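Participant: Residues 5 to 64 in this note's numbering are what the sequence shown lists, from first letter to last.
The structure's right below; bear with me while I get my questions together.
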Amino acid sequence: GALVQNCGDSDIGKAVIELAKERKLRTLSIIEDKPGNPETIEALKALGADIIVPESYTRT
């Protein structure tokens, strides 16, 4: 299965990533466009996030 979430870099979003990983679900997390996104993306990957996209990408 798969899960799509907005605000994937929030505290709740991070918890969702961890829970999804435990349940063997793939995740697509949408995050806000911020200057620190490369660090945020690496931190989310370390939690088990599969696909991470900035919000601006969803408007294309």
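Here a beta-carbon is modelled for each residue, glycine too, at the ideal position from N, C-alpha and C.
On a predicted model such as this, the values are computed, not experimentally measured, just so you know.
1. Which residue's Cα is closest to the Cα of Thr31: Tyr61, Thr64, Asp15 and Gln9?
2. Find the nearest neighbour of Gly40 within the set Pro58, Ile16, Ser33 and Asp54, judged by alpha-carbon distance.
3. Please state whether DSSP places Ala50 in a helix, a strand or coil.
4. Can you tell which of Ala53, Thr64, Arg63 and Thr62 has the C-alpha that lies nearest to the C-alpha of Ser14?
5. Assign Ser33 to one of two classes, buried (16 or more other C-beta atoms within 10 Å of its C-beta) or exposed (fewer than that).
Facilitator: Checking against the coordinates, here is how it stands:
1. If you number the sequence shown from 1, residue 31 lands on position 27. Cα-wise, what sits closest to Thr31 is Gln9.
2. For this step, residue 40 is matched to residue 36 along the sequence shown. With distances taken between Cα atoms, Gly40 lies closest to Pro58.
3. Residue mapping note: residue 50 aligns to position 46 of the sequence shown, counting from 1. Looking at Ala50 - three-state DSSP - the assignment turns out to be helix.
4. As a first step, residue 14 must be located in the sequence shown, where it is residue number 10. Of the candidates Ala53, Thr64, Arg63 and Thr62, the one whose C-alpha sits nearest the C-alpha of Ser14 is Ala53.
5. Translated into positions along the sequence shown, residue 33 becomes position 29. Under this definition Ser33 is a buried residue.
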